[in-house]
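Residues in the sequence shown are numbered from 1 upward in steps of one, following full-length UniProt numbering. Glycine included, C-beta positions come from ideal geometry on N, C-alpha and C. None of these values were measured; they are calculated from a predicted model. Read through the structure below, which is laid out as C-alpha cells, and then see the notes.
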Amino acid sequence: MEGEVVKKIAPKLGISVPNTIKKALELMRMCDARCTNLSSLGVQGSCKAVLCLELAASCQDQPVNKDIAVRLSGVSKKVYSNALQTLGRLLDMQPRASVKDLCVQFGCVGAADLAKDILHRYQDELQTKVSDADISQPMFPAAAVYGSAKQLKIKVDKAKLTSIAATRKTVFDKLCIEMTKHAEKIAGKNIVYTHRPRKQLVTFSKCVQSHKLSSTKVARLCDSDDEEEDYEEWKRRILENAARALGEKD
C-alpha cells in the first residue's frame with residue numbers, strides 16, 4: 001500500500017529515476033522498523049512517503065521542489081522541515097544540500113561558481129584548525145550561497161536559507177559572516193588581477209608618449225647615413241628602457 005503511495009507521489013515531485021524510487025521504498029521500510037512514533041512529529045498520511053522521497057533524492061543529488069513537497073505532505077512548512085531533519089537523523093540520512101541545487105532553487109545560478117570557491121576556501125581554512133572537518137551539513141553550502149549572492153548583489157531569501165541550514169539562526173548568521181569575508185577576499189583578488197594588465201598598458205603608453213617629442217627632434221637630425229645611431233634604433237632603445245623601468249617598478 002505504502003509502496004503505491006510512493007510511486008504515485010514521485011512523478012509529482014519530478015522524481016522518475018527508478019533507483020531513487022527504490023531507495024525511497026527502502027527508507028519507508030527502515031522508517032517502519034526504527035520510527036514507531038512518527039505521529040509525535042506531526043507526520044500523518046502521505047507525509048512519510050514525501051519525506052522518504054526527498055531523503056532518497058537528496059542522497060543521489062536530485063533536486064526536489066520544497067514548496068511542492070510541503071503541499072503534497074499535507075502539513076505545515078515548519079512541521080515538514082522539522083520532520084525531515086529528525087527522520088534524516090533517525091535513518092542516518094541527513095539530506096545534502098549542494099551549492100548547485102541551492103542556487104537553482106533560489107534563482108541565483110550566477111552565484112554558483114563563486115559559492116563553490118567560497119566553500120572550498122572555507123574548508124581549507126577549517127582543516128588547518130580541525131583535521132577531520134566535515135562540511136557536509138547543509139548549513140555550509142547554504143551560507144556559501146548567501147555569501148556569494150551578497151558579494152554579487154543578488155537578492156536571496158535568507159529566512160528560507162536559514163530553514164534549509166537546519167541550525168540555529170545565530171549560528172547560521174555567524175557562518176554567513178565568515179563566508180561573506182571569504183567572498184570579499186576572492187573577489188578582491190580577481191579585481192587586482194583583472195585590472196593590473198590594463199594599468200601596465202596605460203603606464204607603458206604614457207612612457208612612450210613622454211618621449212614622443214624627443215623622438216621627433218632626433219628624427220630631424222637623422223638626415224644622413226653618417227649619424228651615430230639612426231632614428232629606428234633610437235626608438236627601439238627608448239621602448240626597451242621604458243619596458244625595463246616598468247618591470248623594476250613591479
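request  = Could you spell out where the alpha helix (DSSP H) holding GLN123 opens and where it closes?
outcome  = Note, GLN123: alpha helix (DSSP H), 112-127.
ask   = Are the segment 102-109 and the segment 68-78 touching, with three or more C-beta to C-beta distances below 8 Å?
value = These segments do not touch.
query = For THR167, which of VAL50, ALA142, TYR122 has the nearest alpha-carbon?
reply = Nearest option by C-alpha distance: ALA142.
query = When you compare each of ALA183, THR20, SER40, LYS12 to LYS116 by their alpha carbons, which one comes out closest?
reply = When ALA183, THR20, SER40, LYS12 are compared, the shortest CA-CA separation from LYS116 is found for ALA183.
inquiry  = What would DSSP say about VAL145, mapped onto helix, strand or coil?
reply    = If DSSP states are grouped into helix, strand and coil, VAL145 belongs with the helices.
request  = State buried or exposed for GLU4, treating a residue as buried only when at least 16 other CB atoms are found within 10 Å of its CB.
outcome  = exposed
request  = Return the first residue and the last residue of the alpha helix (DSSP H) that ASN82 is part of.
outcome  = 77-90
query = What span of residues does the alpha helix (DSSP H) with LEU152 cover, start to end?
reply = Per DSSP, LEU152 lies in no alpha helix (DSSP H) and is assigned neither H nor E.
request  = With DSSP collapsed to three states, give me the class of PRO138.
outcome  = Residue state, collapsed to three classes: coil.
ask   = Of the residues ILE164, ALA49, GLY88, ALA69, which one's Cα is nearest the Cα of GLN103?
value = Here the sequence assigns Cys to residue 103, which means Gln is not the residue at that position. That would be ILE164, whose Cα lies nearest to the Cα of CYS103.
inquiry  = Could you tell me the alpha carbon to alpha carbon distance between VAL17 and LYS189, rounded to whole angstroms?
reply    = If I take the Cα positions, the gap works out to 42 Å.
ask   = Would ASP151 be called buried (16 or more neighbouring beta carbons within 10 Å of its own) or exposed?
value = Per the sequence shown, residue 151 should be read as Gln rather than Asp. Buried.
task = State yes or no: is the C-beta of THR86 within less than 7 Å of the C-beta of ALA56?
result = Going by C-beta atoms, THR86 is not nearer than 7 Å to ALA56.
message = So TYR122 and ALA144 are supposed to be a Cβ contact under 8 Å. How far apart are they, rounded?
response = Contact between TYR122 and ALA144 holds: CB atoms are separated by about 7 Å, below the 8 Å threshold.
message = What would DSSP say about ALA97, mapped onto helix, strand or coil?
response = coil
query = What three-state label does DSSP hand PHE106 in the structure shown?
reply = coil
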